[in-house]
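Q: Residue numbers (this note's numbering): 59 to 307.
Each residue gets a CB set at the ideal place from its N, CA and C atoms; glycine is no exception.
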C-alpha cells in the first residue's frame, strides 16, 4: 500500500515542502542536523531512524534570519529573528573551536519568548576572541526538551590586531579579581605589572613573557591587597601604557 505524505524539510533555517509517495514498509533515516516534519495533511507512520529532529506538525519556532557582526576587532555579536514562537524555552549558543568546525563548545543561553505571534529579535555577544575563524550555531529548545539546530554557514573571521593596545580592566571598581585585556600586532615579549599609589610594585602578572601576535585577557587577583587605587602598566616592544583601577572590598 502506498501513502501520500506532504513533508517539510528544514535546513539552515529554510523550509522546503514536497509531496513524496512512500511504499508500505519503507524506512526514513534522518541525519544529524536535519529535520523531518509532516504537515497537518498527513502523519509520518513509517519506520524513522537517525539522530536528526523528528516532529509532527509545523515547527514551534519560525526563524527568519541568523547572522553576525564583528565589533571592537575581536567580539562577535550574533543576531537572529523569529517570526512566531510556540512553547519556546530559549536558544543554546555554541561556538566551534578556532579554525576547526568539528569541535563545539556551549558559550551561552538566551531565553525565548515562550509564545509569540509577532517577530522577536534576539542577540548574543561573544567577546575576547583570539585571531582565527569561528562557526556558530543556535539550538532552539522547547519546554518539552525538543530541539532544532540552526548552523551559520559562514565563519566569523577575527583578524590579527593592527596596533598595540591596553584595555580598561573589567569590572572596575572590582572585588577581588578583574580582567585585563591587551593586544599585540606582532610577536614580542610582554611585561604586565601592578603598582600601588606610591609606585611600589605589588604584583607581576607577566614578566618578559614572549607571546604571539593576538588578543589576550588575563585575570588579576587582588585578594591579598587592601582596598584602594592601583595602576597597571604594560611593556611590549616599544609600547608603554598605564591605566588606573580601583579595588573595593
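Name the one or two DSSP bridge partners that residue 200 has.
A: For the purposes of this step, residue 200 is taken as residue 142 along the chain shown, with counting starting at 1. Partner(s): 146.
Q: DSSP beta-bridge partners for residue 306?
A: By one-based count along the chain shown, residue 306 stands at place 248. Paired residue(s): none; residue 306 is not in a bridge.
Q: Alpha carbon to alpha carbon, how far is residue 237 from residue 300?
A: As a position in the chain shown, residue 237 is number 179, starting the count at 1. As a position in the chain shown, residue 300 is number 242, starting the count at 1. The straight-line gap from Cα to Cα measures roughly 15 Å.
Q: Nearest to residue 280 by CA position, among 266, 215, 145 and 261, is which residue?
A: Position 222 of the chain shown, counting from 1, holds the residue named residue 280. The candidate whose alpha carbon is nearest that of residue 280 is 261.
Q: Are three or more beta carbon pairs between the stretch 188-208 and the stretch 264-280 nearer than 8 Å?
A: Result yes; three or more Cβ-Cβ pairs closer than 8 Å.
Q: Within 10 angstroms of its Cβ, does residue 227 collect 16 or more other Cβ (buried), or is it exposed?
A: On the chain shown, residue 227 is found 169 positions in, with the first residue counted as 1. Buried, since its Cβ has 16 or more Cβ neighbours within 10 Å.
Q: Cutting at 6 Å between CB atoms, please list the residues of its own chain near residue 179, excluding the five before and the five after it.
A: For the purposes of this step, residue 179 is identified with residue 121 of the chain shown, where counting begins at 1. Closer than 6 Å at the Cβ level, and outside the excluded window around residue 179, lie 139.
Q: In the DSSP output, which residue or residues are listed as bridge partners for residue 119?
A: In the chain shown, residue 119 corresponds to position 61, counting from 1. Answer is 143.
Q: Give me whichever residues DSSP pairs with residue 245 in a beta bridge.
A: Here residue 245 refers to the residue found at position 187 when the chain shown is read from its first residue. In DSSP, residue 245 forms no bridge with anything.
Q: Nearest to residue 164 by alpha carbon, out of 131, 196 and 247?
A: Mapped onto the chain shown, residue 164 falls at position 106. Taking only the C-alpha atoms, the option nearest residue 164 is 196.
Q: Taking its Cβ as the centre, do 16 or more other Cβ atoms sit within 10 Å of residue 118, making it buried, or is it exposed?
A: By one-based count along the chain shown, residue 118 stands at place 60. It counts as buried.
Q: Residues in its own chain within less than 6 Å of residue 149 by CB, not counting five upstream and five downstream?
A: What you label residue 149 is simply residue 91 of the chain shown in a count that begins at 1. Excluding positions up to five away in sequence, the list reads 168, 196 and 198.
Q: Going along the chain, which residues of its own chain have a beta-carbon closer than 8 Å to the beta-carbon of residue 286, five neighbours each way excluded?
A: Translated into positions along the chain shown, residue 286 becomes position 228. 254, 255, 304 and 305, listed in sequence order.
Q: Apply the 10 Å Cβ neighbour rule to residue 136 and answer buried if 16 or more other Cβ atoms are within range, or exposed otherwise.
A: Along the chain shown, read from residue 1 onward, the residue named residue 136 stands at position 78. It counts as buried.
Q: In the structure shown, what three-state DSSP assignment does residue 167 receive?
A: For the purposes of this step, residue 167 is taken as the residue at position 109 of the chain shown. Strand, per DSSP.
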